[in-house]
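Residue numbers (the working numbering), protein chains in the order written: chain H, 1 to 115; chain Z, 1 to 869.
Shown next, in structure tokens, is the structure this report addresses.
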């Protein structure tokens with residue numbers, strides 16, 4: 001991930017990329033890779049930078065795992081684009097990832113609480 | 001479920017890789033375009049980075065990258081092999097021959113040792129033998145004993161007794177002697193064999209019923225299903241055909257005398273001393289061999305105690321039939337496998353040497369690959385892959401060669417061994433087992449010959465280390481080849497030596513121009529001694545008068561036929577009890593065989609059934625029982641000498657008979673060429689009539705030319721009388737050493753290959769060394785070295801390797817040739833002359849292989865060599 005150390009944007013925390021992609025797709029419906037990246041950047045107020053070098057391999061792995069399926073469709077500007085769509089398995093995975101994430105966040109929160 | 005779906009999706013990705021790749025590319029393009037709109041083309045491109053690398057990363061996610069890498073490596077390796085056809089051909093040919101040899105020998109091992117016998121669950125089948133108390137020999141069993149065993153045993157689910165037999169088959173075509181098997185009902189069921197047609201015996205079937213072997217049914221009845229219910233004439237009596245055995249059914253699996261084609265119910269002989277049956281049992285599921293051994297041991301003791309006077313032994317021995325059948329051939333098979341494995345090792349050493357030379361030539365290519373980032377492991381992987389491909393190609397070549405060699409191998413399988421019977425019953429095939437073995441062998445070989453060169457070629461700073469280091473490695477490989485070749489040659493040499501000694505053995509008779517046959521008279525037609533004697537007298541007279549026949553005789557058995565009958569004798573006062581081989585012969589037997597008469601007289605027409613009992617003994621007999629006395633006029637008492645085999649079962653001759661020695665004849669090799677003569681006694685056949693005799697003719701010319709005339713002459717004596725084994729005595733003589741010859745042929749062929757490969761190996765290494773040292777040689781010559789010095793320089797180096805290999809070879813051979821003891825005759829496994837001859841041969845070959853490169857070294861032009869600097 002992130003070869004560009006000079007950027008002011010923050011790297012995506014390890015292990016959360018799947019969750020972010022899944023959540024984006026859950027919210028947006030079918031979407032292409034560029035759209036997913038844009039979505040994550042915008043909602044995170046440009047804090048989270050999704051590198052192409054991470055996004056596309058991750059999408060390929062998710063295809064293999066069966067969390068998403070890909071279809072060619074028409075983009076807003078009338079270009080052929082590859083749209084990713086959440087599958088039921090992907091939805092289940094999202095729930096699982098969120099639960100896990102919340103557990104970790106809560107734990108970190110407890111550790112970081114002022115004594 | 002989820003994992004399975006994932007695997008499925010992965011496979012889908014594999015097969016649609018091309019499409020997916022295009023998708024990915026378009027997707028990237030789209031992404032880049034969108035980004036360019038946002039921040040300008042150059043910035044987008046910069047942010048996007050290396051598109052090719054990204055696509056690679058994506059493909060890696062599919063999990064098939066290794067396959068792409070492998071495919072490209074394979075393509076590269078194949079391109080290399082094509083670009084270097086001479087190297088490729090030599091390597092594939094060398095390895096292919098060696099692998100083919102391994103496949104051939106392993107197909108033998110598979111057929112003879114590994115493949116299960118063609119019966120149901122053969123692992124549960126056991127032979128049961130009576131163990132003779134004195135000799136601890138496994139012997140046949142009598143019917144009453146068998147019945148007791150069967151009734152008292154619990155570990156065996158079923159048990160059957162059988163005995164090999166033969167009949168004269170008449171009616172519908174030429175009379176024919178057919179091998180038969182008589183057995184107690186239930187044998188086929190015990191073996192798990194169903195008849196192809198009709199049914200097997202039931203307990204209430206009469207004794208005049210028969211099953212036909214498939215081959216006999218096809219031959220005599222044209223495969224007509226209507227044969228069931230008809231009858232066949234066996235020894236002149238009608239037997240009703242109940243069924244036909246399935247094609248490919250053979251029993252017993254190890255039969256060194258005949259292949260039964262007629263099956264008749266056993267007529268029980270209630271004499272407890274008629275030991276003529278073999279017993280087979282099927283263990284109950286769950287019953288182990290130990291339990292079976294214990295139970296049968298107890299039964300054996302119980303029966304022995306009940307009938308103390310009629311038992312010849314105490315124990316019962318169990319043999320798993322699979323092991324029993326292969327027993328005599330397993331060691332031979334292993335020796336052959338070991339020998340051919342050595343050939344493969346030598347071939348591997350040769351190819352390794354070739355690869356080392358190749359590696360030197362490829363160092364540039366490898367250096368470049370390393371320079372652009374390939375790791376050493378990656379290059380080693382590539383080189384090993386090349387070796388594996390070479391190995392696979394050689395395996396294909398080897399299998400093709402083995403296919404060609406297979407029929408020849410099957411044809412020389414020696415009779416009277418499991419090699420012969422099992423190869424004939426099972427066939428030798430390049431089946432899946434053999435192919436799998438070959439694949440594994442070729443892969444192992446690939447790693448053997450590939451690893452060292454791969455490590456050496458990719459060694460860091462190989463350019464600096466190459467000179468001496470690589471030379472030493474090659475030298476070591478040559479030494480290994482010499483060592484292996486020495487072991488093989490020593491083995492072959494010892495066997496050749498043994499064979500020569502064996503062939504020089506005086507048989508005691510003259511086997512050339514002798515024609516032999518067997519004639520068995522049916523009991524129904526020849527019910528008494530007079531009729532039988534009359535037949536043989538008539539047949540012998542007719543044959544004697546035939547043109548081309550010098551002399552003719554009949555004998556109950558002939559030397560080297562291994563149809564030995566021995567009996568107990570008593571001589572002298574106080575009496576000495578002993579054993580001797582018994583023969584009944586016609587008067588002209590010794591003249592016909594050309595066995596010398598040493599003392600006394602031969603039998604003549606005056607020795608009849610009515611005249612006094614006479615006997616001729618051989619020299620061994622006379623020396624053993626009257627070492628200080630003249631044998632002539634002495635009395636030999638014989639007991640129930642010969643078991644008369646009749647369809648009702650064996651009948652024993654009762655009482656003792658005193659016989660007067662009238663002559664002493666020379667010893668013959670009776671059982672086998674390598675077996676020392678035994679005590680023999682001969683009686684006139686008029687005084688001990690036989691239902692079956694061998695007839696032997698001394699011919700003026702080639703005995704085989706008389707075969708038809710002899711058969712017709714026998715038919716003149718009795719038109720329904722078949723002959724068996726009508727063949728020259730030399731055929732028996734050849735059969736006697738057939739197994740030795742078989743092993744010798746194979747080991748000899750392997751040793752010759754080893755020698756050739758070693759020579760090629762030395763030649764290759766020395767030539768390479770000379771090429772490498774051209775400049776050095778040039779300098780030396782410029783400085784005044786003469787041709788002789790240069791040649792010595794080349795030879796000296798080889799001499800070191802060859803000597804090292806030879807020393808290792810002698811040491812290993814001393815240990816290994818002991819395994820050959822069973823194949824040696826009057827030669828010690830560490831026979832010094834053989835070892836010396838082998839060493840000389842190898843040294844000679846080494847020098848010969850050195851000559852061409854040494855000559856080219858001498859011819860080096862110093863100017864030319866230095867100019868190349």
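Positions of the beta carbon are idealized from the N, C-alpha and C atoms, including for glycine.
Where residue 776(Z) is concerned, the enclosing alpha helix (DSSP H) starts and stops at 774-782. Within the same chain, Cβ atoms closer than 6 Å to the Cβ of residue 113(Z) are found at 326, 330, 333, the five residues on either side in sequence being excluded. A distance below 8 Å between beta-carbons, with the five flanking residues on each side excluded, links residue 514(Z) to the following residues of its chain, in chain order: 592, 593, 696, 697, 698, 699, 703, 728, 729, 730.
Scanning its chain for C-beta atoms nearer than 7 Å, with the 5 sequence neighbours on each side dropped, one finds around residue 446(Z) the residues 387, 388, 390, 391, in chain order. Annotated three-state conformation of residue 505(Z) is coil, per DSSP. Against chain Z, a Cβ distance below 8 Å from residue 64(H) picks out 6, 9, 10, 13, 61, 62, 63. Looking from the CA of residue 815(Z), the closest CA among 802(Z), 824(Z), 829(Z), 225(Z) belongs to 829(Z). Between the beta-carbon of residue 588(Z) and that of residue 577(Z) there is about 32 Å, and that puts the pair past the 8 Å contact cut. Interface criterion not met: the Cβ of residue 91(H) is under 8 Å from no Cβ in chain Z.
Contact annotation: residue 516(Z) and residue 732(Z) have beta-carbon atoms nearer than 8 Å. If you draw a straight line from the Cα of residue 863(Z) to the Cα of residue 786(Z), it is about 15 Å long. Around the C-beta of residue 102(Z), 16 or more other C-beta atoms lie within 10 Å, and the residue is accordingly described as buried. For residue 714(Z), the CB contacts under 7 Å within the same chain, skipping 5 residues up- and downstream, are 519, 539, 721, 723 in chain order. Shown here, residue 453(Z) sits in a helix according to DSSP, grouped into three states. A distance of 8 Å or more separates the beta carbons of residue 449(Z) and residue 668(Z).
With a beta-carbon spacing of about 7 Å, residue 244(Z) and residue 211(Z) fall inside the 8 Å limit used to define contacts. Residue 217(Z) is positioned such that its CB atom lies no closer than 8 Å to that of residue 226(Z). Think of a sphere of 9 Å around the beta carbon of residue 32(H): the chain Z residues whose beta carbon falls inside it are 27, 30, 31, 34, in chain order. Looking at 831(Z), 106(Z), 368(Z), 526(Z), the one whose alpha-carbon comes closest to that of residue 717(Z) is 526(Z). The alpha-carbon separation between residue 21(Z) and residue 59(Z) amounts to approximately 8 Å. Inter-residue distance for residue 535(Z) and residue 219(Z) is about 29 Å (C-alpha atoms, whole angstroms). For chain Z, the residues of the region 76-103 of chain H that bring a beta carbon within less than 8 Å of one of its beta carbons are 79, 80, 81, 82, 89, in chain order. Note that the region 158-173 of chain Z does not touch the region 288-300 of chain Z; fewer than 3 beta-carbon pairs, one per stretch, sit closer than 8 Å. Chain-ordered listing is empty here: chain Z has no CB closer than 7 Å to the CB of residue 18(H), the nearest sitting near 12 Å.
Considering only beta carbons, no part of the region 67-85 of chain Z lies closer than 7 Å to chain H.
The Cβ atoms of residue 601(Z) and residue 663(Z) sit closer than 8 Å to each other. Closer than 8 Å at the C-beta level to chain H, one finds no residue of the region 853-866 of chain Z.
According to DSSP, residue 719(Z) shares a beta bridge with no other residue. Chain Z has a Cβ within less than 8 Å of the Cβ of residue 60(H). When 753(Z), 307(Z), 778(Z) are compared, the shortest CA-CA separation from residue 484(Z) is found for 753(Z). For residue 250(Z), the closest of 118(Z), 563(Z), 632(Z), 201(Z) by C-alpha to C-alpha distance is 118(Z).
Taking one beta carbon from each stretch, the region 178-189 of chain Z and the region 258-268 of chain Z have 3 or more pairs nearer than 8 Å; the two touch. Taking 8 Å as the cut-off, the beta carbon of residue 7(Z) is found no closer than this to the beta carbon of residue 490(Z).
Around residue 454(Z), the same chain offers 380, 383, 384 as residues with beta carbons nearer than 6 Å, after the five sequence neighbours per side are excluded. The beta carbon of residue 23(H) sits closer than 8 Å to those of 94, 98, all from its chain and outside the five residues before and after it, given in chain order. The Cβ neighbour count for residue 72(H), taken over all protein chains shown within 10 Å, is under 16; the residue is labelled exposed.
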